[in-house]
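Protein sequences appear in the order of chains A and B.
Heads up: the first sequence is residues 1 to 76, going by our numbering.
Heads up: the second sequence is residues 77 to 213, going by our numbering.
Every residue, glycine too, gets a C-beta built ideally from N, C-alpha and C.
Heads up, the thing below is written out as structure tokens.
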Amino acid sequence: MKRTRLWFGALGLVVSAALLAACGGGDGSEQSAAEAQQSEQIEQAQPEARVQVIRDRASLGRADAPVVIQEYSDFL
Amino acid sequence: MEELISTGIARYEYRHFIIFGAASQFAAMATECAGDQGAWWEFHDAYLLKAQARSFTRAGALELARDEGLNVGRFTQCIDNEEHRDRLLQMQQQAIADGIQGTPTFRINGQPGARSLGGIIEQVLAAAEAAENQEGS
Chain A
1 MKRTRLWFGA LGLVVSAALL AACGGGDGSE QSAAEAQQSE QIEQAQPEAR VQVIRDRASL
61 GRADAPVVIQ EYSDFL
Chain B
77 MEELISTGIA RYEYRHFIIF GAASQFAAMA TECAGDQGAW WEFHDAYLLK AQARSFTRAG
137 ALELARDEGL NVGRFTQCID NEEHRDRLLQ MQQQAIADGI QGTPTFRING QPGARSLGGI
197 IEQVLAAAEA AENQEGS
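Here it is, written out as structure tokens:
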């Protein structure tokens, strides 16, 4: 199950990157529409691969996710 | 990055690392005070994504709090009393101890992250696979 999620995640990223590259010459609105459409396609194709995104204070995602990405940043 | 989070592969955590002085410190404090009322991300987005300069002042932060429907009296008390000062200081000291020197800096499972988004994604996928293999063995 986890491996499936990993592959779906990787697949989504690859498709996103390809789509962004293909839309490189377009304006912002074209990109947004294409990204939305692509995101919808992934959603339809892999509904089981999605999990509820927990939007907690200063964090996003499941507490038991195998990988933790920490970003150190300054608002200015 | 959204894909990694929405598929449950990764969790994202934001850490304040103040390098631009009082205005940054204030913005971090205001965000934490907003977090007390469940609006941490709304303030984060206002500061970081929308770059709402007005928010970096006390008046601007109060206006933002009002816009977000927060209890402004409680919010004002929080920022005026610097209720999260110790927490922010602790976060800063921990970051320095972890070797953080500038922003933005990423760490993946506690290890230094790549400088590019592509590199970070590769690291995350590799870390996820390693975690999975470890679990399976």
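At the level of alpha carbons, what is the spacing between B:Gly-84 and B:Gln-210? Straight-line spacing of the CA atoms in B:Gly-84 and B:Gln-210 works out to 17 Å.
Inspect the beta-carbon positions of A:Val-67 and B:Val-200 and report whether they are closer than 8 Å. With respect to B:Val-200, A:Val-67 sits close: the two C-beta atoms are nearer than 8 Å.
Taking Cβ positions, are B:Phe-151 and A:Tyr-72 nearer each other than 8 Å? No. Outside cutoff.
What residue range is occupied by the uninterrupted alpha helix (DSSP H) comprising B:Glu-118? Run containing B:Glu-118: 116-120, per the alpha helix (DSSP H) assignment.
Judging by CA-CA distance, which residue of B:Asp-121, B:Ala-106 and B:Ile-197 is the nearest neighbour of B:Asp-156? Cα-wise, what sits closest to B:Asp-156 is B:Ala-106.
Among the residues of its own chain, which have a CB less than 7 Å from the CB of B:Ala-141, if the five just before and after it don't count? Apart from sequence neighbours up to five positions away, the residues of its chain that approach B:Ala-141 with a beta-carbon distance below 7 Å are Ala-110, Val-148 and Phe-151, ordered along the chain.
B:Ser-100: contacting residues in chain A (beta-carbon distance under 7 Å): Asp-74, Phe-75 and Leu-76
Amino acids of chain A, ordered along the chain, whose beta-carbon sits closer than 7 Å to that of B:Val-200: Within 7 Å Cβ-Cβ: Val-67 and Ile-69.
Are any of the Cβ atoms in chain B nearer than 8 Å to that of A:Ala-21? Caution is warranted here: a pLDDT of 38 is assigned to A:Ala-21, below 50, making its placement in the model unreliable, and no coordinate value can be reported.
What's the gap between the Cα of B:Glu-139 and the Cα of A:Leu-76? 19 Å
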